[in-house]
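First comes the structure, then the notes that go with it.
In my numbering, the protein residues as written are 29 to 165.
See the structure below:
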(Lines of atoms letter the chains of each structure in order from A and count residues from 1; the text may use other names and numbers.)
(Lines give C-alpha, C1' and ligand atoms only; values in the text may rest on other atoms or scores of the structure.)
Protein backbone atom coordinates (compact mmCIF):
# COMPACT_ATOMS: atom_id res chain seq x y z
CA UNK A 1 0.00 0.00 0.00
CA UNK A 2 1.11 3.56 -0.58
CA UNK A 3 2.05 5.98 2.20
CA UNK A 4 -1.14 7.95 1.45
CA UNK A 5 -3.28 4.81 1.78
CA UNK A 6 -1.59 4.00 5.08
CA UNK A 7 -2.31 7.53 6.35
CA UNK A 8 -5.98 7.07 5.41
CA UNK A 9 -6.07 3.85 7.44
CA UNK A 10 -4.60 5.61 10.49
CA UNK A 11 -7.07 8.51 10.13
CA UNK A 12 -9.97 6.04 10.10
CA UNK A 13 -8.42 4.17 13.04
CA UNK A 14 -8.37 7.39 15.09
CA UNK A 15 -11.91 8.40 14.11
CA UNK A 16 -13.64 5.02 14.38
CA UNK A 17 -11.56 2.82 16.67
CA UNK A 18 -9.78 5.16 19.07
CA UNK A 19 -12.51 7.80 19.43
CA UNK A 20 -15.57 5.53 19.19
CA UNK A 21 -14.26 2.05 20.14
CA UNK A 22 -16.14 0.70 17.10
CA UNK A 23 -15.52 -3.06 17.15
CA UNK A 24 -16.51 -3.55 13.50
CA UNK A 25 -14.02 -0.89 12.41
CA UNK A 26 -11.40 -2.46 14.67
CA UNK A 27 -11.95 -5.84 12.97
CA UNK A 28 -11.27 -4.15 9.64
CA UNK A 29 -8.40 -1.81 10.61
CA UNK A 30 -6.54 -3.56 13.46
CA UNK A 31 -4.72 -6.87 13.02
CA UNK A 32 -5.83 -9.70 15.34
CA UNK A 33 -2.21 -10.07 16.51
CA UNK A 34 -1.60 -6.34 17.02
CA UNK A 35 1.36 -5.38 19.22
CA UNK A 36 0.67 -2.07 20.96
CA UNK A 37 2.84 -0.28 23.54
CA UNK A 38 1.86 2.81 25.52
CA UNK A 39 2.57 4.44 28.89
CA UNK A 40 -0.72 2.92 30.15
CA UNK A 41 0.26 -0.71 29.60
CA UNK A 42 2.95 -2.26 31.81
CA UNK A 43 3.98 -4.38 28.83
CA UNK A 44 2.87 -4.32 25.20
CA UNK A 45 -0.66 -5.49 24.41
CA UNK A 46 -0.39 -8.44 22.04
CA UNK A 47 -3.79 -8.85 20.40
CA UNK A 48 -6.77 -6.85 19.14
CA UNK A 49 -9.17 -7.94 21.91
CA UNK A 50 -6.75 -6.92 24.68
CA UNK A 51 -6.20 -3.62 22.88
CA UNK A 52 -9.95 -2.97 22.74
CA UNK A 53 -10.18 -3.79 26.45
CA UNK A 54 -7.42 -1.27 27.22
CA UNK A 55 -9.12 1.31 25.01
CA UNK A 56 -12.43 0.68 26.80
CA UNK A 57 -10.72 1.32 30.15
CA UNK A 58 -9.32 4.61 28.83
CA UNK A 59 -12.82 5.65 27.70
CA UNK A 60 -14.24 4.67 31.09
CA UNK A 61 -11.66 6.93 32.76
CA UNK A 62 -12.24 9.76 30.25
CA UNK A 63 -15.90 9.34 29.16
CA UNK A 64 -15.73 12.39 26.86
CA UNK A 65 -12.44 11.19 25.31
CA UNK A 66 -11.61 12.86 21.99
CA UNK A 67 -8.36 12.46 20.07
CA UNK A 68 -7.56 15.21 17.58
CA UNK A 69 -4.92 14.34 15.01
CA UNK A 70 -2.75 17.32 14.04
CA UNK A 71 -0.16 15.82 11.69
CA UNK A 72 0.47 12.54 9.92
CA UNK A 73 3.77 11.68 8.24
CA UNK A 74 4.26 8.40 6.42
CA UNK A 75 7.13 6.54 4.87
CA UNK A 76 6.82 3.00 3.63
CA UNK A 77 4.72 0.99 6.08
CA UNK A 78 5.16 3.47 8.98
CA UNK A 79 2.81 6.32 9.86
CA UNK A 80 3.73 8.85 12.56
CA UNK A 81 1.16 11.10 14.21
CA UNK A 82 1.16 14.14 16.50
CA UNK A 83 -2.12 14.41 18.38
CA UNK A 84 -3.94 15.80 21.41
CA UNK A 85 -6.46 13.99 23.60
CA UNK A 86 -9.12 15.94 25.48
CA UNK A 87 -11.25 14.43 28.20
CA UNK A 88 -12.54 14.80 31.74
CA UNK A 89 -10.75 12.50 34.18
CA UNK A 90 -13.72 10.71 35.82
CA UNK A 91 -12.29 7.22 36.43
CA UNK A 92 -9.10 5.36 37.27
CA UNK A 93 -6.53 5.70 34.47
CA UNK A 94 -3.70 3.26 35.12
CA UNK A 95 -2.19 4.36 38.44
CA UNK A 96 -3.96 7.75 38.30
CA UNK A 97 -7.01 8.27 40.50
CA UNK A 98 -9.85 10.35 39.04
CA UNK A 99 -9.46 14.10 39.50
CA UNK A 100 -12.63 15.38 37.81
CA UNK A 101 -10.40 17.77 35.86
CA UNK A 102 -10.48 18.45 32.16
CA UNK A 103 -7.26 17.10 30.66
CA UNK A 104 -5.42 17.96 27.49
CA UNK A 105 -2.69 15.43 26.78
CA UNK A 106 -0.42 15.74 23.77
CA UNK A 107 1.42 12.81 22.28
CA UNK A 108 3.17 11.12 19.41
CA UNK A 109 2.56 7.70 17.97
CA UNK A 110 3.99 5.50 15.25
CA UNK A 111 2.04 2.73 13.53
CA UNK A 112 3.12 -0.03 11.19
CA UNK A 113 0.50 -0.86 8.54
CA UNK A 114 0.49 -4.15 6.66
CA UNK A 115 -2.16 -5.31 4.19
CA UNK A 116 -4.55 -2.53 5.23
CA UNK A 117 -4.35 -3.20 8.98
CA UNK A 118 -2.38 -1.72 11.84
CA UNK A 119 -0.05 -4.45 13.08
CA UNK A 120 2.09 -2.45 15.51
CA UNK A 121 1.65 0.77 17.47
CA UNK A 122 3.90 2.74 19.80
CA UNK A 123 2.54 5.70 21.79
CA UNK A 124 4.31 8.29 23.94
CA UNK A 125 2.41 11.10 25.60
CA UNK A 126 2.74 13.88 28.12
CA UNK A 127 2.06 11.80 31.22
CA UNK A 128 3.24 14.76 33.30
CA UNK A 129 -0.21 16.28 32.62
CA UNK A 130 -1.79 13.44 34.60
CA UNK A 131 0.81 13.64 37.35
CA UNK A 132 0.23 17.38 37.72
CA UNK A 133 -3.56 16.92 37.80
CA UNK A 134 -3.23 14.21 40.43
CA UNK A 135 -0.87 16.29 42.56
CA UNK A 136 -3.32 19.20 42.50
CA UNK A 137 -6.36 17.01 43.27
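Yeah, the Cβ is synthetic: ideal placement off N, Cα and C, and Gly gets one too.
Residue 60 and residue 50: beta carbons closer than 8 Å? Not closer than 8 Å, so no.
Limits of the alpha helix (DSSP H) - the one that residue 57 falls within: Where residue 57 is concerned, the enclosing alpha helix (DSSP H) stretches over 51-57.
Cross-strand partners of residue 93 (DSSP beta bridge): Per the DSSP secondary-structure output, residue 93 pairs with nothing in a beta bridge.
8 Å CB neighbourhood of residue 86 in its chain, flanking five on each side removed: Excluding residues within five positions, the ones whose Cβ falls inside 8 Å are 68, 93, 121.
Can you tell me which of 102, 116, 131 puts its alpha carbon nearest to the alpha carbon of residue 138? It is 102 whose Cα lies nearest to the Cα of residue 138.
Just checking my contact of residue 116 with residue 133 at CB under 8 Å: how many whole Å lie between their CB atoms? Incorrect: roughly 12 Å between the Cβ atoms, too far for contact.
Anticipated Cβ contact below 8 Å, residue 53 with residue 63, distance rounded: The C-beta separation of residue 53 from residue 63 comes to about 19 Å, leaving the pair out of contact by the 8 Å criterion.
Does DSSP put residue 161 in a helix, in a strand, or in coil? Collapsing the DSSP output to three states places residue 161 in a helix.
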